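Step one of this worksheet: look at the structure below.
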Amino acid sequence: MDVRRAITSVRLQVAYAAEHGLAPEACLSGSDIDPAMLHRPETTIERAQERRVVENLCAQLGDPVRHGLAMGQRYHLSSYGVWGFALLSSPTLRQAVELGVRYLDLTFAFLDIRLDEVQGEAVLMLEDSGLPETIRPYLLARDASAVMMIQEELFASRIPLSYLALRLPAQEPAPFTAIFGLPPRFDQSHNQARFVAGLLDMPLPQANPVTARLCEEQCQQLLVQRYRQGGVALQVRRRLLSQPGSFPGMEAMASALGVTSRTLRRQLQAEGTGYRELLDEVRRMLAEQWLILGGLGMEEISERLGFSELSNFNHAFRRWTGQTPARFRRERQRK
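Structure (structure tokens):
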């Protein structure tokens with residue numbers, strides 16, 4: 018079960034679809050969302066319910082990438098409630114991004130988002146591999162476009178990207194250039210945007226440390242409230258992704274979640290997984306992304322993943338993928 022989310026995103030998409038001739042009933046078909054719920058801002062829904070709405074939109078409207086790009090521009094900071102205000106009042110872009118990723122479950126994103134720094138560049142990774150192909154292009158375009166909208170509203174201007182790669186087939190670049198400031202490289206094996214890392218430490222124009230702290234406290238309270246209605250494995254995965262290089266043990270993770278290790282183990286078993294499996298999943302995902310990015314040596318990747326020896330990393334990666342990290346990197350770099 019996923020963390021519940023505000024109904025705002027569905028309301029925005031239903032309104033967009035109506036402008037293109039699609040009735041609300043058609044958008045909401047099969048989602049168990051009544052049209053009257055759209056006008057109750059306190060309403061929360063499951064991720065799967067919004068996903069059904071997205072499936073309806075993609076099936077009815079066609080041209081999912083074009084609609085996704087346009088839809089993403091409608092997600093203003095104010096759409097996200099306290100999460101948006103927390104970002105807006107953050108002292109720097111770096112702190113805004115870190116806070117945003119930390120509380121990503123309070124947004125409407127379907128992609129996993131992570132920030133890295135490699136050789137003087139900030140690298141924003143957008144992971145979409147877990148999405149069905151029927152809706153992935155729309156959600157990739159929508160969430161990437163929404164990220165740009167957030168950034169523009171934080172700075173009141175667009176940060177110049179130096180590189181944009183997308184897992185989308187080649188198509189007309191003009192709509193992308195209008196939003197991202199440069200044409201993307203299509204048909205890539207990953208989604209990432211790069212910009213000068215020094216921009217991360219630029220002060221934000223509406224920075225207010227007191228407001229930022231109060232908003233983050235509210236984000237934490239809201240997240241705890243939503244987590245009570247969500248899956249434990251999702252909570253563990255999010256926490257592991259937020260602290261690469263210092264992965265907590267089972268006892269520390271249980272303490273952070275406010276339960277005993279025995280309870281955490283039982284909860285994860287009920288969801289068909291375990292702590293070791295989730296840790297391996299996160300380590301593998303991070304390893305593959307860092308190998309694809311380049312800029313980090315094998316020793317540094319091994320250390321960031323918490324392995325005491327490079328040989329242990331090599332052994333684990335071979336167990337995960339059937340090949341060595343070096344071979345994986347060579348094959349991806351040829352693509």
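For the sequence shown, position 201 matches number 218 in the working numbering, and the numbering has no gaps at all.
By construction, the Cβ of each residue, glycine as well, lies at the ideal position given by its N, Cα and C atoms.
Since the structure is predicted, the reported quantities are computational estimates derived from the model, not experimental observations.
Quick one: grab the DSSP three-state call for Ile-24.
Taking the sequence shown and counting its residues from 1, one reaches residue 24 at position 7. Reduced to three states, the DSSP call for Ile-24 is coil.
Going by DSSP in three states, Met-142 sits in which element: helix, strand or coil?
Reading the sequence shown from its first residue, position 125 is the one you call residue 142. Strand, per DSSP.
Pick out whichever of Leu-296, Met-54, Arg-153 has its Cα sitting closest to the Cα of Ala-250.
Along the sequence shown, read from residue 1 onward, the residue named residue 250 stands at position 233. It is Leu-296 whose Cα lies nearest to the Cα of Ala-250.
Buried or exposed: Pro-201, going by 16 or more other Cβ atoms within 10 Å of its Cβ?
The residue you call residue 201 lines up with position 184 of the sequence shown. Counting Cβ neighbours within 10 Å, Pro-201 comes out buried, since at least 16 surround it.
Along the chain, which unbroken stretches of the alpha helix (DSSP H) at least 4 residues long are found entirely within the stretch 100-160?
110-119
CB of Leu-157 within 9 Å of CB of Asn-208, strictly
Taking the sequence shown and counting its residues from 1, the one referred to as residue 157 is at position 140. Taking the sequence shown and counting its residues from 1, the one referred to as residue 208 is at position 191. Yes, the Cβ-Cβ distance between Leu-157 and Asn-208 is below 9 Å.
Please report how far the alpha carbon of Ile-318 lies from the alpha carbon of Trp-307, in whole angstroms.
Residue mapping note: residue 318 aligns to position 301 of the sequence shown, counting from 1. Residue mapping note: residue 307 aligns to position 290 of the sequence shown, counting from 1. If I take the Cα positions, the gap works out to 7 Å.
Label Met-18 either buried or exposed according to how many other C-beta atoms from any shown protein chain fall within 10 Å of its C-beta, with 16 as the threshold for buried.
The count along the sequence shown starts at 1 and reaches residue 18 at position 1. Residue confidence is low: Met-18 scores 43 on pLDDT, short of 50, so the model does not pin down where it sits. No coordinate-derived value is stated.
Neighbour-count burial assignment, Asn-329, 16 or more Cβ in a 10 Å radius
Translated into positions along the sequence shown, residue 329 becomes position 312. Counting Cβ neighbours within 10 Å, Asn-329 comes out exposed, since fewer than 16 surround it.
Classify Val-70: buried if its beta carbon has 16 or more other beta carbons within 10 angstroms, exposed otherwise.
Counting from one through the sequence shown, the residue named residue 70 turns up at place 53. Burial call: buried.
Outcome for Glu-66 when other beta-carbon atoms lying within 10 angstroms are tallied against a minimum of 16
On the sequence shown, residue 66 is found 49 positions in, with the first residue counted as 1. Rather than Glu, the amino acid found at residue 66 in this sequence is Gln. Label assigned to Gln-66: buried.
Gln-136: buried (16+ other C-beta within 10 angstroms of its C-beta) or exposed?
For the purposes of this step, residue 136 is taken as the residue at position 119 of the sequence shown. Under this definition Gln-136 is an exposed residue.
Entirely within the stretch 253-340 and at least 4 residues each: give me those alpha helix (DSSP H) ranges in chain order.
267-274, 278-287, 292-310, 315-321, 327-338
With DSSP as the reference, please indicate the residues paired to Phe-212 in a beta bridge.
Stepping through the sequence shown from its first residue, residue 212 is reached at position 195. Paired residues: Ala-139.
Who are the Cβ neighbours of Leu-310 in its own chain at under 7 Å, not counting the five residues just before and after it?
Against the sequence shown, residue 310 aligns to sequence position 293. Once the five neighbours on either side are set aside, the close Cβ partners of Leu-310 are Asp-133, Val-135, Val-140.
Nearest to Arg-131 by alpha carbon, out of Arg-335, Met-166, Arg-28, Leu-303?
Your numbering for residue 131 matches position 114 in the sequence shown. Per the Cα distances, Leu-303.
Under the three-state DSSP convention, the category Pro-220 falls into:
Taking the first residue of the sequence shown as position 1, residue 220 is located at position 203. Strand at Pro-220.
Three-way DSSP call (helix, strand, coil) for Met-18 in this model:
One-based indexing of the sequence shown puts residue 18 at position 1. A caution first: Met-18 carries a pLDDT of 43, below 50, which makes its placement in the model too unreliable to give a value.
So, for Leu-171: in the same chain, excluding its five sequence neighbours on each side, which residues have a beta-carbon less than 7 Å away from its beta-carbon?
In the sequence shown, residue 171 corresponds to position 154, counting from 1. Excluding residues within five positions, the ones whose Cβ falls inside 7 Å are Leu-104, Leu-105, Leu-110, Ala-113, Leu-221.
Assess contact between the stretch 116-130 and the stretch 280-300, defined as three or more Cβ pairs (one per stretch) separated by less than 8 Å. Is contact present?
no
Compute the Euclidean distance between the alpha carbons of Gln-260 and Met-219, then round it to the nearest angstrom.
Within the sequence shown, numbered from 1, the residue matching residue 260 stands at position 243. Within the sequence shown, numbered from 1, the residue matching residue 219 stands at position 202. Those two C-alpha atoms are separated by around 23 Å.
Let me know the secondary structure DSSP gives Ile-176 once reduced to three states.
Locating residue 176 in the sequence shown gives position 159, where the first residue counts as 1. Coil.
Under 8 Å, with one C-beta from each stretch per pair, do the stretch 161-170 and the stretch 90-105 reach the 3-pair mark?
Taking a cut-off of 8 Å for Cβ pairs, the stretch 161-170 and the stretch 90-105 touch, as three or more such pairs fall below it.
Look at the alpha carbon of Asn-73 and the alpha carbon of Arg-256, and state the distance between them as a whole number of angstroms.
Reading the sequence shown from its first residue, position 56 is the one you call residue 73. Reading the sequence shown from its first residue, position 239 is the one you call residue 256. So the alpha carbons of these two residues sit roughly 32 Å apart.
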